[in-house]
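Colleague: Protein chains in written order, with UniProt numbering: chain A, 1 to 348; chain B, 1 to 348. One structure follows; several queries about it will come next.
There are 2 protein chains.
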Amino acid sequence: MSKGRVTVVDIAHAAGVSKSTVSLVLQGSPLVNEATRAKVNAVIRDLGYVYNRAAANLRQTASSKIIGIVVNDLTNSFFAELAVGVDMVVQSAGYVQFLSNTGESIDRQREVIASMREHGISGLIISPARGTEAADFKPLVASGIPVVLTVRNISGAKVSSLLSDNRMGAAQAVAHLAGLGHRRIAFLGGFPDTAVFEDRLKGFRDGLAAAGLPFAEELIVGSAPSRAGGVEAIERAMLIAERPTAALCFNDAVAFGVCDGLRARRMEPGADFAVIGFDDVIEAKTAVPALTTVNVDPQGMGRRAAQLLMKQINAGKAEPEAIVGAVRLVVRQSCGAGMKNQQWRNAV
Amino acid sequence: MSKGRVTVVDIAHAAGVSKSTVSLVLQGSPLVNEATRAKVNAVIRDLGYVYNRAAANLRQTASSKIIGIVVNDLTNSFFAELAVGVDMVVQSAGYVQFLSNTGESIDRQREVIASMREHGISGLIISPARGTEAADFKPLVASGIPVVLTVRNISGAKVSSLLSDNRMGAAQAVAHLAGLGHRRIAFLGGFPDTAVFEDRLKGFRDGLAAAGLPFAEELIVGSAPSRAGGVEAIERAMLIAERPTAALCFNDAVAFGVCDGLRARRMEPGADFAVIGFDDVIEAKTAVPALTTVNVDPQGMGRRAAQLLMKQINAGKAEPEAIVGAVRLVVRQSCGAGMKNQQWRNAV
DNA sequence: CTGTTAGCGCTTTCAG
DNA sequence: CTGAAAGCGCTAACAG
Numbered sequence: 001m002s003k004g005r006v007t008v009v010d011i012a013h014a015a016g017v018s019k020s021t022v023s024l025v026l027q028g029s030p031l032v033n034e035a036t037r038a039k040v041n042a043v044i045r046d047l048g049y050v051y052n053r054a055a056a057n058l059r060q061t062a063s064s065k066i067i068g069i070v071v072n073d074l075t076n077s078f079f080a081e082l083a084v085g086v087d088m089v090v091q092s093a094g095y096v097q098f099l100s101n102t103g104e105s106i107d108r109q110r111e112v113i114a115s116m117r118e119h120g121i122s123g124l125i126i127s128p129a130r131g132t133e134a135a136d137f138k139p140l141v142a143s144g145i146p147v148v149l150t151v152r153n154i155s156g157a158k159v160s161s162l163l164s165d166n167r168m169g170a171a172q173a174v175a176h177l178a179g180l181g182h183r184r185i186a187f188l189g190g191f192p193d194t195a196v197f198e199d200r201l202k203g204f205r206d207g208l209a210a211a212g213l214p215f216a217e218e219l220i221v222g223s224a225p226s227r228a229g230g231v232e233a234i235e236r237a238m239l240i241a242e243r244p245t246a247a248l249c250f251n252d253a254v255a256f257g258v259c260d261g262l263r264a265r266r267m268e269p270g271a272d273f274a275v276i277g278f279d280d281v282i283e284a285k286t287a288v289p290a291l292t293t294v295n296v297d298p299q300g301m302g303r304r305a306a307q308l309l310m311k312q313i314n315a316g317k318a319e320p321e322a323i324v325g326a327v328r329l330v331v332r333q334s335c336g337a338g339m340k341n342q343q344w345r346n347a348v
Numbered sequence: 001m002s003k004g005r006v007t008v009v010d011i012a013h014a015a016g017v018s019k020s021t022v023s024l025v026l027q028g029s030p031l032v033n034e035a036t037r038a039k040v041n042a043v044i045r046d047l048g049y050v051y052n053r054a055a056a057n058l059r060q061t062a063s064s065k066i067i068g069i070v071v072n073d074l075t076n077s078f079f080a081e082l083a084v085g086v087d088m089v090v091q092s093a094g095y096v097q098f099l100s101n102t103g104e105s106i107d108r109q110r111e112v113i114a115s116m117r118e119h120g121i122s123g124l125i126i127s128p129a130r131g132t133e134a135a136d137f138k139p140l141v142a143s144g145i146p147v148v149l150t151v152r153n154i155s156g157a158k159v160s161s162l163l164s165d166n167r168m169g170a171a172q173a174v175a176h177l178a179g180l181g182h183r184r185i186a187f188l189g190g191f192p193d194t195a196v197f198e199d200r201l202k203g204f205r206d207g208l209a210a211a212g213l214p215f216a217e218e219l220i221v222g223s224a225p226s227r228a229g230g231v232e233a234i235e236r237a238m239l240i241a242e243r244p245t246a247a248l249c250f251n252d253a254v255a256f257g258v259c260d261g262l263r264a265r266r267m268e269p270g271a272d273f274a275v276i277g278f279d280d281v282i283e284a285k286t287a288v289p290a291l292t293t294v295n296v297d298p299q300g301m302g303r304r305a306a307q308l309l310m311k312q313i314n315a316g317k318a319e320p321e322a323i324v325g326a327v328r329l330v331v332r333q334s335c336g337a338g339m340k341n342q343q344w345r346n347a348v
């Protein structure tokens, strides 16, 4: 049945034209007679020809129509959503995406990037693993492949980045809590050695300062950025002498864990203790009001990142562009009974 | 800086050997002198050479080292976990994965598969969109590209499949509930027109029959397989004249929604109403006992699927293999106070 | 063990 | 508008 791959010369032969005519048809060139084009297309269908991009790409200087995306934890719905967003624009631009998961392993990340480079990706979107250095992108940018950093930034890397304004979001969240009358506000969850943590913590302090509240070291409780971590964090927070009455959580997973922990203590999240979680992955799919969130819309972030990358690819050689706060940050309050809805958007 | 791509001939020149020697080094052939190899490798590093797989693949009959994976909903953590599992084995086999999301769109799926084919994937793992037909895989199998179906099966497709034994899992779950003394057991959530739904429902009936319980149509409440759907389903179930006291949920998202809905009614999941959810994605990351689950271990499923695919790729032309119940199904009870832990495994 | 010689499937001048 | 010829970066015989 399939005796060797069917190639342009096969279809040229069958259609009674030459290779190059077929090639032109393939590229939708206007230089070819309508009748000829129809004939060629018919033959293509009949013979079940499939275009060989590897070969095409080898010859022409154009790009491979494949973009790479590497995330540090696909298991985290935030990144899964991000990937979906990227995939949407990538697909509709006729590209296809290499997706790899590093699991925060920097070695894996290096391998993966190398592998993608061998496959000739025409661009890379990456949420770098912890510990990534600017030098890791050197070879990529040297060969003119556009790179877009998302979620986490790497200082000194001469590439584009797309980050949400974590600092401002956190400050707003604190303002919200302070507005409700809370004076002992904890910051729960997250690994203190990440830039994101730092930013959110800074915003937390900004918010306290703006509300005229004192900063207390003891109210910062780090933990794994997971649901389990949230449980652990609230447990520890409850051991503090002068207990907090509200918390800003590092992310939504932590926030859910905090709610779990509160319920385990017979406290009602939102009523007995105010909870705000960063990110809005799980909550977005939840019909039942559970907690207040600061929303980063990961899917939208993925789309924007992909659009930015596409722009760079099409522009040939563009300057790196740093975008902060490009992503909608919404404080959505959906938690207790005594609260009203409030939303705001960051400047774009 | 980068004046045209550096190629084998460049490095051959610089190392004072010939193209083919370089090629041999690249492939780790033992036919080359140790000293020469070292020299060549040094030059490769110095010049920042990157291997061009497209070119290599064009020449040799071997495979492209890229495998495709398409899922119907990456937004669902189950599939994200699946992708992570696949990625693990794919990466360690030196392959790279094309990942695409169809969002249940059959057109998108067709496009995506076509695109992957053009890029010369050497194998495909797919959780087909609803409505996929056996014919959709015809061209792929005709060109000898191994395909592995996961999660959902397509009858008549002559390709391998890796499915969990949903029927048996559901039956076991019902047996568990019946063992606790429940007699009005609902089946909540899921779209009735999927094979998975059917299988689970069949198992549900099996379980009822085995426990000597009657089957009541009214206790089957379909909904979107999401958290929101779960809320909706439990609401509807509570309107039934003779209320259920327990439910088997289509998946864990639904189960979480059901728990939400119960709490909204001031009922305690596990104590006042028993809940079992299929799948175990979210729960696995939760420290707080929430509900009993039937565990399908999506990541393990991804790994197995990828291994199966790799086997087929390496074997050249292997027979399609259908594996059912290969994946661990565990009923893990972690919900109310009055229950004991129970586990079992399916035959592998 | 190393060099020479052909192509893989496609695009692309450059002439008809 | 179509055909002939060259070559992308690599591997695969086959000689040296």
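We put the beta carbon where it would ideally sit given N, CA and C, even for glycine.
Following the continuous alpha helix (DSSP H) through G68 (chain B), name the residue where it begins and the one where it ends.
Modeller: Taken as a continuous stretch (DSSP letters only), G68 (chain B) belongs to no alpha helix (DSSP H), being part of the beta strand (DSSP E) at 66-71.
Colleague: Starting from the Cα of A15 (chain A), find the closest Cα among A:Y49, A:R5, A:S29, A:L31 and give me that residue.
Modeller: Nearest C-alpha to A15 (chain A): A:Y49.
Colleague: Is there at least one Cβ from chain B nearer than 7 angstroms to Y49 (chain A)'s Cβ?
Modeller: No, because no Cβ of chain B sits closer than 7 angstroms to the Cβ of Y49 (chain A).
Colleague: Here's the rule: buried if 16 or more other CB atoms are within 10 angstroms of the residue's CB, otherwise exposed. What is A171 (chain A)?
Modeller: By the neighbour-count rule (16 or more Cβ atoms within 10 Å), A171 (chain A) is buried.
Colleague: Contact criterion: CB-CB distance below 7 angstroms. Does V296 (chain A) meet it with respect to chain B?
Modeller: False, the Cβ-Cβ gap to chain B never drops below 7 angstroms.
Colleague: Cβ closer than 7 angstroms: which chain B residues qualify as neighbours of M116 (chain A)?
Modeller: Those within 7 angstroms of M116 (chain A) in chain B are V96.
Colleague: Should G270 (chain A) go down as buried or exposed, given a rule of 16 or more other Cβ atoms within 10 Å for buried?
Modeller: G270 (chain A) is buried by the Cβ-count criterion.
Colleague: With H, G and I counted as helix, E and B as strand and the rest as coil, what does DSSP make of D280 (chain A)?
Modeller: Any reading at D280 (chain A) must be qualified, since the residue scores a pLDDT of 48, below 50, and its modelled position is unreliable; no value is offered.
Colleague: Can at least three beta-carbon pairs, one atom from the segment 82-97 of chain B and one from the segment 138-145 of chain B, be found at a separation below 8 angstroms?
Modeller: No, the segment 82-97 of chain B does not touch the segment 138-145 of chain B.
Colleague: Could you run through the segment 150-180 of chain A and flag, in chain order, every residue whose CB is less than 7 angstroms away from some CB of chain B?
Modeller: Residues passing the 7 angstroms Cβ filter: none.
Colleague: Check each candidate in B:H119, B:R152, B:Q109 and name the one with the smallest Cα separation from residue 351 (chain B).
Modeller: This structure cannot speak to residue 351 (chain B), because chain B is shown only from 1 to 348.
Colleague: For K285 (chain A), name the three-state secondary structure that DSSP assigns.
Modeller: Caution applies to K285 (chain A), whose pLDDT of 37 falls short of 50 and renders its modelled position unreliable; the value that the coordinates give is listed next. Three-state result, K285 (chain A): helix.
Colleague: State the start and end residues of the unbroken beta strand (DSSP E) segment that holds Q97 (chain B).
Modeller: Where Q97 (chain B) is concerned, the enclosing beta strand (DSSP E) stretches over 96-101.
Colleague: In its own chain, which residues sit with a C-beta less than 7 angstroms from the C-beta of V25 (chain A), not counting the 5 before and 5 after it?
Modeller: Contacts found: V32, R37, V40, N41.
Colleague: Quick check on A129 (chain B): does DSSP put it in helix, strand or coil?
Modeller: DSSP places A129 (chain B) in coil when its eight states are reduced to three.
Colleague: Specify whether the segment 172-181 of chain B and the segment 228-237 of chain B touch according to this definition: at least 3 beta carbon pairs, one from each stretch, less than 8 angstroms apart.
Modeller: Contact fails: fewer than three Cβ-Cβ distances are below 8 angstroms.
Colleague: For my contact list, G325 (chain A) and D165 (chain A) are in at a C-beta cut-off of 8 angstroms; report their separation, rounded to the angstrom.
Modeller: Correct: roughly 3 angstroms between the Cβ atoms.
Colleague: Quick one: is P192 (chain A) near chain B, going by C-beta distance under 7 angstroms?
Modeller: Output row for P192 (chain A): interface = no.
Colleague: E319 (chain A) to A157 (chain A), Cα distance in whole Å?
Modeller: Taking the straight line from one Cα to the other gives about 12 angstroms.
Colleague: How would you list, in chain order, the residues of chain A whose beta-carbon sits under 8 angstroms from the beta-carbon of V112 (chain B)?
Modeller: Correct list: Q91, V96.
Colleague: Please state whether the Cβ-Cβ distance between A246 (chain B) and H182 (chain B) is less than 7 angstroms.
Modeller: Contact: yes.
Colleague: If we cut at 7 angstroms on Cβ distances, does V84 (chain B) have a partner in chain A?
Modeller: Closer than 7 angstroms to some Cβ of chain A, the Cβ of V84 (chain B) qualifies, so yes.
Colleague: Could you pull out every residue in the same chain whose Cβ sits closer than 8 angstroms to the Cβ of I66 (chain B), ignoring the five residues on either side in sequence?
Modeller: Same-chain partners within the cutoff: Y95, V96, Q97, F98, H119, G120, I121, S122.
Colleague: Determine whether the beta carbon atoms of F215 (chain A) and R200 (chain A) lie at a separation below 7 angstroms.
Modeller: No, the pair does not count as a contact, with Cβ atoms beyond the cut-off.
Colleague: By the 7 angstroms beta-carbon criterion, what residues does the segment 116-150 of chain A contribute toward chain B?
Modeller: Here the close residues are M116, R117, E118, H119, G120, P139, A142, S143, G144.
Colleague: Who are A274 (chain A)'s beta bridge partners in DSSP?
Modeller: A:A246.
Colleague: Less than 7 angstroms between the beta carbons of R304 (chain B) and L213 (chain B), yes or no?
Modeller: No. Outside cutoff.
Colleague: Check distances from the C-beta atoms of the UniProt domain "HTH lacI-type" (6-60) of chain A to those of chain B and list, in chain order, the residues that come in under 8 angstroms.
Modeller: Going along the UniProt domain "HTH lacI-type" (6-60) of chain A in chain order, one finds G48, V50, Y51, N52, R53, A54, A55, N57, L58 with a Cβ nearer than 8 angstroms to chain B.
Colleague: Just to confirm the assignment, what range does the beta strand (DSSP E) spanning S161 (chain B) have?
Modeller: Where S161 (chain B) is concerned, the enclosing beta strand (DSSP E) stretches over 160-163.
Colleague: Output needed for D10 (chain B): all residues of its chain with C-beta closer than 8 angstroms, excluding positions within five of it in sequence on either side, in chain order.
Modeller: L47, Y49.
Colleague: Identify the contact partners of R183 (chain B) in chain A, using a Cβ-Cβ distance below 9 angstroms as the criterion.
Modeller: Simply none; closest approach about 28 angstroms.
Colleague: Note down the Cα distance separating F78 (chain B) from E235 (chain A), rounded to an integer number of angstroms.
Modeller: Cα to Cα, the separation comes out at about 29 angstroms.
Colleague: Quick one: what's P269 (chain B) bridged to in DSSP?
Modeller: For P269 (chain B), which the question treats as bridged, DSSP gives the partners B:F273.
Colleague: Going by C-alpha to C-alpha distance, which of A:I154, A:R117, A:R53, A:V275 sits closest to E133 (chain A)?
Modeller: When only C-alpha atoms are compared, the closest one is A:I154.
Colleague: Just reading off the alpha helix (DSSP H) that V254 (chain B) is part of, what are its end residues?
Modeller: Its alpha helix (DSSP H) spans residues 252-264.
Colleague: Do you know offhand how far G302 (chain A)'s Cα is from V90 (chain A)'s?
Modeller: G302 (chain A) and V90 (chain A): Cα-Cα distance of roughly 10 angstroms.
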